[in-house]
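Notes for the one structure printed next.
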Amino acid sequence: MQWTDYISPLMQGAWVTVQLTVFSTILGAVLAFVFGIGKLSSNWAFRAISVAYIEVFRGTSLLVQLFWLYFALPLAGTAMGIDLRLPPVLAGVLALGLNIGAYGAEVVRGAIAAVHQDQHEAARALNFSARQTLWGIVIPQAIPEMMPSFGNLAVQNLKDTALVSLISLGDLTFRAEQIRNFTQDSTTIYSMLLVMYFGMALVLTAIMRGLERYATRWRTARS
Amino acid sequence: MLFGFEWDLSSPLAFALSILPILLIGMWVTIQAAVLGFAVALVLGLVWAVLKAARSRFIAWPASVVTEFIRDTPLLVQLFFLYYVLPEYGIVLPAFMTGALALGIQYSAYTSEVYRAGLEAVAKDQHEAARALNLSAARTFTHIVVPQAVPRIVPAMGNYLVSIMKDVPVLSVVTVLEMLNVAKIVGDRTFDYLVPLSMVGGLYLIMTLVASAGVRLLDGWLPKQGIPLK
Amino acid sequence: MSDPIIKFDKVVKRFGDLTVLDALDFEVMRGEKVSIIGPSGSGKSTVLRILMTLEGIDGGLVTVGGEPLWHEPGPDGLRPASEAHLRKMRAQLGMVFQQFNLFPHMTVLRNITEAPVKVLGLSKADAKLRAEELLERVGLADQAQKYPHQLSGGQQQRVGIARALAMRPSILLFDEPTSALDPELVGEVLNVIGQLAEEHDLTMLLVTHEMRFAREISDRVCFFDQGQIREEGTPEELFSDPNEDRTREFLKAVLD
Chain W
1 MQWTDYISPL
11 MQGAWVTVQL
21 TVFSTILGAV
31 LAFVFGIGKL
41 SSNWAFRAIS
51 VAYIEVFRGT
61 SLLVQLFWLY
71 FALPLAGTAM
81 GIDLRLPPVL
91 AGVLALGLNI
101 GAYGAEVVRG
111 AIAAVHQDQH
121 EAARALNFSA
131 RQTLWGIVIP
141 QAIPEMMPSF
151 GNLAVQNLKD
161 TALVSLISLG
171 DLTFRAEQIR
181 NFTQDSTTIY
191 SMLLVMYFGM
201 ALVLTAIMRG
211 LERYATRWRT
221 ARS
Chain A
1 MLFGFEWDLS
11 SPLAFALSIL
21 PILLIGMWVT
31 IQAAVLGFAV
41 ALVLGLVWAV
51 LKAARSRFIA
61 WPASVVTEFI
71 RDTPLLVQLF
81 FLYYVLPEYG
91 IVLPAFMTGA
101 LALGIQYSAY
111 TSEVYRAGLE
121 AVAKDQHEAA
131 RALNLSAART
141 FTHIVVPQAV
151 PRIVPAMGNY
161 LVSIMKDVPV
171 LSVVTVLEML
181 NVAKIVGDRT
191 FDYLVPLSMV
201 GGLYLIMTLV
211 ASAGVRLLDG
221 WLPKQGIPLK
Chain E
1 MSDPIIKFDK
11 VVKRFGDLTV
21 LDALDFEVMR
31 GEKVSIIGPS
41 GSGKSTVLRI
51 LMTLEGIDGG
61 LVTVGGEPLW
71 HEPGPDGLRP
81 ASEAHLRKMR
91 AQLGMVFQQF
101 NLFPHMTVLR
111 NITEAPVKVL
121 GLSKADAKLR
131 AEELLERVGL
141 ADQAQKYPHQ
151 LSGGQQQRVG
161 IARALAMRPS
171 ILLFDEPTSA
181 LDPELVGEVL
191 NVIGQLAEEH
201 DLTMLLVTHE
211 MRFAREISDR
221 VCFFDQGQIR
231 EEGTPEELFS
241 DPNEDRTREF
251 LKAVLD
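Residue numbers (UniProt numbering), protein chains in the order written: chain W, 1 to 223; chain A, 1 to 230; chain E, 1 to 256.
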């Protein structure tokens, strides 16, 4: 086999990696907003849940979380009499999204807290409700502050998807491992693998920069 | 049985207590790998930072590309690369060493940024002041830049040590018996993953909370204006 | 004149150990234009911030339009106001801030239409019509599509005034509206405020350091000192012939 023969199976794996990245990043973004806002909530129960979520998922290892969801959760389900066996794709997306969401929640919380008190006062003087103030005034101003960190987290998440190969999900790294077992051509395969991840990271970075420009367009408008 | 310890499957609590010593042995390996990887990251990151700050573009630019490449590719793949490719060129390292090296290389891309930011923040105006005082370049660096940069650098580095700790389980794929791998083996043999894996989660929480508290303590203890010179 | 539209009855406000308002009694009649002057730290802005419900009170009673502002009737007399009560009361008030506090992520037009649409439930077309009319009045009809950072400070403050007016408040509060402006931009803002002062049914409460302007537009001027009104009267009385030594000292210091 030549290196060109590796391309097709690797591309199949790359497609799985792309999908995993997209779905888990979206899940992570949703969780980041829910619990980042939750940590600032005046409702103590919501605040406590948010703090617990953030601390647990930032304080433990992603691989531990992935293994727990894949190997331990079904046993917890058995003990409670429910079927909690997750297919690898679901365990992978959940673990990645939960993990990156906890880091994102801190970013969201920080950016929201950084919006100046003046803006809250102006919103109150115009009689906006708390909800309208949060979503209409505060969050649109906080998003540009979040974007650089979100860009880094998205690339982090792309890299983290490689770990799902360890629960036999057919992503890019998993395919590469299969080929290596078959051909023993380690140098070529791993070099290709590294370059492919690098390429995907560059594309993802460019996409996140584009989103950042879109979110900050009001700041850069010229007179 | 693992590491000479028998497990007791009579109840979840008994099981947990019986495998705690086994997991603690794994935790010790985790800590060793993290510290060794951190040491590599500190040294290699400094090398990158110096190269990136080089006057010559032919040095600075490749150094930037290499660190960007390291930063944008997964630790797991870098680890596979070292583990399977190095021996083909006659470099055979124990799995633990390969793992620590992989951690160190991955994080050197991050630590080089910490060095750069820390030194740049100090360097700009202080260099001019030092020149005005007619201090030599070497003396400026050791007496002016370093004492002020260290308090800025140390807390960020401490946070990367905590991150490295959380990445050590990746080393399980090359047979390093760190905490997660040990728990996985116990699970494979007893068909009970819930107790060992949950314990690993709890132990990780304790480790990172203690380490983060240590970083905060260090941060508070370091003088913000710089380390006083005798 | 009829009943007071604003009434402070022995109002106390503290920040920690510092008493900012010390059993303040203060009334404003409907349609009256009142200027508040005094040294910084005398509690002038706090009066406006309490009325706009940006600060609570520690004692006494504030009524707006005859209804308690920070309290509402409960089964056992008055109890602290709920958010619903505050929202209802706030509808009568508008505020112009020292730092303008425009929403930086919205165009000028959107800054003015956002609250009428979302809070009052106006249709977008009606809100736009109202905003364009107001922009015309403050002389910024051609700036509707710009973002705040593209405007000068004076223009931003005029947008701030239009934004407050779009909610049709019966009481408009001005918190040092020209203090953050470069001297050459003060005039354009004072002109707009001066025009508003011609309107009979709008009650205006103005905290300012612009003594000449306060003298021109006010029906009454209050001199604040140490959390109380030290002296009040028509601009003529207060500026030309103050009774109190403190007032004389203050006026001498700011007018020289």
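Where is the CB? At the ideal position from N, CA and C, for every residue including glycine. Source: prediction; values computed, not measured.
Looking at chain E, is there any beta carbon in it that lies within less than 8 Å of the beta carbon of residue i?
i	result
A221/W	yes
L134/W	no
E145/W	no
W218/W	yes
I112/W	no
E121/W	yes
A76/W	no
Taking C-beta pairs closer than 7 Å, name the residues in chain A that residue i reaches, listed in chain order.
i	result
residue 241/W	Outside the modelled stretch of chain W, which goes from 1 to 223, sits residue 241/W, for which no answer is possible.
G59/W	Y204, L205, T208 and L209
Determine the DSSP secondary structure at residue i, reduced to helix, strand or coil.
i	result
G16/E	coil
P169/A	helix
K33/E	strand
K10/E	strand
A23/E	strand
M192/W	helix
L126/W	coil
V207/E	strand
E216/E	helix
M95/E	strand
V56/W	helix
Hey, does residue i have any beta-carbon neighbour from chain A nearer than 8 Å?
i	result
V155/W	yes
G97/W	no
K159/W	yes
Y197/W	yes
G101/W	no
What separation, rounded to the nearest whole angstrom, lies between the Cα atoms of residue i and residue j?
i	j	result
L102/E	T111/A	41 Å
E55/E	G13/W	59 Å
L196/E	Q156/E	17 Å
A215/W	S10/A	58 Å
R246/E	V20/E	18 Å
N181/A	I25/A	11 Å
L20/W	M196/W	15 Å
R55/A	W61/A	10 Å
L172/W	Y103/W	25 Å
Compare the C-beta of residue i with all C-beta atoms of chain W and state if any pair is closer than 8 Å.
i	result
G94/E	yes
T113/E	no
F97/E	yes
P74/A	yes
T208/A	yes
P169/A	yes
I193/E	no
residue 263/A	Any property of residue 263/A remains undetermined from this structure, which presents chain A solely from 1 to 230.
F69/A	yes
Y110/A	no
Q150/E	yes
L161/A	no
Cβ closer than 8 Å: which chain W residues qualify as neighbours of residue i?
i	result
M167/E	L126 and N127
T53/E	R124
R87/E	N127 and S129
G201/A	V56, T60, V64, Q65 and W68
Which bits of chain W does residue i rub up against, with CB to CB less than 7 Å?
i	result
G187/A	F71
R90/E	N127
F81/A	Y190 and L194
Given that residue i touches chain A, what residues does it touch there, using C-beta distances under 9 Å?
i	result
T173/W	P74, L76, V77 and F80
So residue i contacts chain E; which residues on that side make the cut at Cβ distance below 9 Å?
i	result
P140/W	F103, H105 and M106
Which residues of chain W have a Cβ atom closer than 9 Å to the Cβ of residue i, listed in chain order?
i	result
V119/E	L126, N127, F128, S129 and Q132
Discussion item. Would the region 39-48 of chain W count as touching the region 66-83 of chain W if we require 3 or more Cβ pairs under 8 Å?
Written reply: no
Worksheet item: Within the chosen definition, does the region 25-43 of chain A reach the region 137-153 of chain E through at least 3 CB pairs nearer than 8 Å?
Response: no
Discussion item. Pairs of beta-carbons, one from the region 6-20 of chain A and one from the region 68-86 of chain A, closer than 8 Å: are there three or more?
Written reply: No: fewer than three Cβ pairs fall under 8 Å.
Fill in: Meets three-Cβ-pair contact criterion under 8 Å: the region 90-97 of chain W and the region 129-145 of chain W
no
Worksheet item: Can you find at least 3 beta carbon pairs, one from the region 172-179 of chain W and one from the region 104-121 of chain W, that sit closer than 8 Å?
Response: No, they do not touch.
Worksheet item: With contact counted as at least three CB pairs below 8 Å, one residue from each stretch, are the region 205-220 of chain W and the region 51-63 of chain W in contact?
Response: no
Worksheet item: Can you find at least 3 beta carbon pairs, one from the region 36-47 of chain E and one from the region 66-83 of chain E, that sit closer than 8 Å?
Response: no
Worksheet item: Quick one: any contact between the region 151-161 of chain A and the region 205-217 of chain A, if contact means 3 or more CB pairs under 8 Å?
Response: yes
Worksheet item: Do three or more CB pairs link the region 59-67 of chain W to the region 143-159 of chain W at distances below 8 Å?
Response: By the C-beta criterion, the region 59-67 of chain W is judged not to be in contact with the region 143-159 of chain W, since fewer than 3 inter-stretch pairs fall below 8 Å.
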